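Residue numbers (the numbering used here): 1348 to 1734.
Report on the following structure.
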Amino acid sequence: MASLLEAKRRMEEDADQKMSRDRIIIRTSIIGIAANVFLALFKAAVGIMSHSIAIVLDAVNNISDAASSLITIVGTKLAGKDPDRKHPFGYGRIEYLTAMIIAVIVLYAGLTSFTESVKKIIEPETADYSAVTLVIVAVGVLVKIVLGRYVKKIGEKVNSDSLINSGEDATLDSVISASTLVAAVIFIFFHISLEAWLGVVISLIIIKSGVEMLRDTLSELLGERAGIELSNSIKKTVKSFPDVSGAYDLILNNYGPDTFNGSVHIEVPDSYSADELDDLIRRITTAVFEKHNVILTAVGVYSVNTKDAHVIKVREDIRSIVMADPNIVGMHGFYISEDRKEIRFDMVFSFNTPDRRTLYHEIVNKLNEKYPGYDLRIGIDSDFTET
């Protein structure tokens, strides 16, 4: 009863934390929108009056940043929807989609500014800077530096890719604005116009940033493995229970930032009864949820021979044969059924193994020669936490 109450309390705390996280993301995005709209208006006015393509492009970039923040707000609201029949694991992955949209906006802004800059190289137009122009651009640099650091820091704190992307974009904008300021100073003192060429360089930097953001977000949408630290800590929790000699085949499915469902196999003595297993599995799932906020939807069981000394010796002999190859990084789920003359276990292959199937057959042939009277049921497995 106490465990159920504790689980209920933890679920309520998680719901409160989710609401708090959403509020932080939305508040940060609103600050970003206000700052970018403010900068865009001033930069657009200054750019048009001074005939500066670089400053005008900088203003357009601020508008795209404001749009990105707006998309982040919409995405956060949609991602916070409760699970339903069609999406029983919730809508958390929408945050990855909004991060991807922001990356596309950044990429589009880069391509557009590149086109406009090339046009200005072909048909140059002399800029007309003033002290007010330089002051406004300088203020814009400072605002963008502060905004970029603030938004990225908050994004990392609440694990929001959309905020992190927006923060990185704002930091990049401060570099762009600073280079625009340098170009203006060079023109004032040396009468050399680098505006259009600077616009090309800025555009290429923006394009590179957009491609990197898009690549990282697509990788998350395709399904990246969970962090090694989280996986190892979950295994440690599972193996902390008495009689659990190993935790294997941990698979974590991501349904949004900090939202994981998963499954794991455990090794337990063959003397365990059904009611003992039921109690053990319930305690394991509760502990993993409370400590790591991960829901284990399934806990599989590998039975370990503990009653027959001969079987234990065979297991160690087979382990020495299997683990002799450096491409085999583990072996688990070992069990011998003398009634059916059956030996079963899984071999864990490294992801660096050049030819799994050939190596598999080589090891199976060795074991068939050593244990000709047994039916070998050997699985090919991978360790998803392999470094």
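Don't be surprised by glycine CBs; every beta carbon is placed ideally from N, CA and C.
Just so we're clear, the structure is a prediction, and the values are computed from it rather than from any experiment.
Bridge-paired residues (DSSP) for N1608: N1600 and I1642
Quick one: what's got a C-beta closer than 6 Å to A1413's C-beta in the same chain, skipping five residues either side? I1380, N1383 and V1384
For I1736, collect the residues of the same chain with a Cβ closer than 8 Å to its Cβ; drop the 5 residues on either side in sequence, then sort them by chain order. Residue 1736 lies beyond the stretch modelled for the chain, which goes from 1348 to 1734, so this question has no answer here.
Going by DSSP, what residue range makes up the beta strand (DSSP E) through I1665? Looking at the DSSP string, I1665 is not in any beta strand (DSSP E); the run it does join, the alpha helix (DSSP H), is A1656 to V1669.
To the nearest angstrom, report how far apart K1582 and I1613 are at their CA atoms. 10 Å
Pull the bridge partners of H1398 from the DSSP assignment, please. In the DSSP output, where bridge partners are listed per residue, H1398 has none listed.
CB-CB under 6 Å to I1410, same chain, minus the five flanking residues each way: which ones, in chain order? A1387
Pair every Cβ in the region 1554-1573 with every Cβ in the region 1583-1601, then say whether three or more of these pairs are closer than 8 Å. yes
Cβ separation of K1491 and D1520, assumed to be a contact under 8 Å, to the nearest whole Å: 5 Å
Taking the straight line between their C-alpha atoms, what separation do you get for D1563 and L1551? 18 Å
Tell me which residues share the same chain as L1425 and place their Cβ nearer than 7 Å to its Cβ, disregarding the 5 neighbours each side in the sequence. Y1438 and I1441
Excluding the 5 residues flanking R1496 on each side, which residues of the same chain have their C-beta closer than 8 Å to its C-beta? G1514 and T1518
By the DSSP assignment, the alpha helix (DSSP H) with S1526 in it spans what residues? D1508 to F1537
Can you pull the DSSP bridge partners for H1679? D1693
Take S1367 as the anchor and find which of S1507, V1451 and E1463 has the nearest alpha-carbon. S1507
Please tell me whether D1672 and L1714 are closer than 8 Å, where the distance is taken between their beta carbons. no
Between which residues of its own chain and R1703 is the CB-CB distance below 7 Å, once the five residues before and five after are set aside? F1696 and I1727
Can the beta-carbon of V1646 be found closer than 8 Å to that of D1617? no
DSSP three-state call for S1415: helix, strand or coil? helix
If K1390 and D1369 are in contact, beta carbons under 8 Å, what's the gap, nearest whole angstrom? Contact doesn't hold; Cβ gap of about 31 Å is too wide.
Cα-Cα separation, D1528 to L1481: Checking the sequence shown, residue 1528 turns out to be Leu, not Asp. Spanning the two alpha carbons is a distance of roughly 7 Å.
Per DSSP, Y1649 forms a beta bridge with which residues? E1614
Distance, Cα to Cα, S1464 vs N1579? 51 Å
Going straight from the alpha carbon of G1609 to that of E1503, what length do you get? 24 Å
Can you tell me which of R1687, E1663 and N1674 puts its alpha carbon nearest to the alpha carbon of F1681? E1663
DSSP-derived helix/strand/coil call for G1593: strand
Measuring only the C-alpha atoms, how far is D1722 from G1427? 52 Å
Does the beta carbon of R1687 come closer than 8 Å to any beta carbon on chain C? Of the protein chains in the structure, only one exists, and it is not chain C.
Contacting residues, own chain, Cβ-Cβ under 8 Å from L1568 (five flanking each side not counted): R1440, Y1443, L1444 and M1447
Around the C-beta of G1720, are 16 or more other C-beta atoms found within 10 angstroms, so that it is buried, or is it exposed? exposed
Along the chain, where does the alpha helix (DSSP H) containing L1454 start, and where does it finish? I1441 to I1469
Measure the CB-CB distance between T1606 and L1510 and report whether it falls below 8 Å. no
If you draw a straight line from the alpha carbon of V1522 to that of V1488, how long is it in whole angstroms? 7 Å
Quick check on this structure: which residue in I1683, E1689 and N1674 has the alpha carbon closest to the alpha carbon of P1701? N1674
In whole angstroms, give me the CA-to-CA distance for R1374 and T1423. 11 Å
So, for D1730: in the same chain, excluding its five sequence neighbours on each side, which residues have a beta-carbon less than 7 Å away from its beta-carbon? V1676, G1677 and V1695
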